[in-house]
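Per this note's numbering: the sequence shown ends with 1273, consecutive numbering throughout.
Virtual Cβ for every residue (Gly too), placed ideally from N, Cα, C.
Predicted, not measured: the structure shown is a model, and the values here were computed from it.
Inspection log for the structure reproduced underneath, given as structure tokens.
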Amino acid sequence: GKNNNDYDYDNNTADSDGRSRPALISVKIPKLSAGVKLGISFRSIFGELKISKIAPTSPLASTPLRPGDRLISLDHHRNTNHWTAVQAVNYIRNAEGMICFVVRTRNGDSNVAEAAVYKSSEE
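Have a look at this one:
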């Protein structure tokens, strides 16, 4: 079988429970202060900013975001495609309050979009 530790960028169509994923996913998550780490990293592949890793301890780990998803908007900045991975990480590091990630999944179902809002665990 396949080693589950190897993330397969070509096989990002189904979630771990086998459901096909929406083409577009929007996640809003609170960040209580600048400097709180969200445990997400990116890499720029052929000019597309993709999530490369989400830490297991990250508040984003329980969201529908997955490695390999392409970041198309961050807090409604539409030009994140032109951002470098460093720009995206710095933006997130300095942000406070609700942060909104919009990603496009690979081969996702274009008839389905998913939006999720997460509340602060400290409320």
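Along the beta strand (DSSP E) that carries residue i, what are the first and last residues, could you check?
{"i": "residue 1254", "result": "1247-1254"}
{"i": "residue 1196", "result": "Looking at the DSSP string, residue 1196 is not in any beta strand (DSSP E), and its letter there is neither H nor E."}
{"i": "residue 1355", "result": "With the chain running from 1151 to 1273 in the structure shown, residue 1355 is simply not present."}
Tell me where the alpha helix (DSSP H) around residue i begins and ends.
{"i": "residue 1240", "result": "1235-1244"}
Residues bridged to residue i by DSSP?
{"i": "residue 1227", "result": "1224"}
{"i": "residue 1219", "result": "Beta-bridge pairing links residue 1219 to no other residue."}
{"i": "residue 1262", "result": "Residue 1262 is not bridged to any residue."}
{"i": "residue 1267", "result": "1178"}
{"i": "residue 1203", "result": "1191"}
Kindly indicate which three-state DSSP category residue i falls into: helix, strand or coil?
{"i": "residue 1214", "result": "coil"}
{"i": "residue 1208", "result": "coil"}
Determine, using beta-carbon pairs with one atom in the region 1186-1203 and one in the region 1224-1234, whether at least three such pairs fall under 8 Å. yes
Could you say if the region 1204-1216 and the region 1238-1250 meet the contact criterion of at least three C-beta pairs nearer than 8 Å? no
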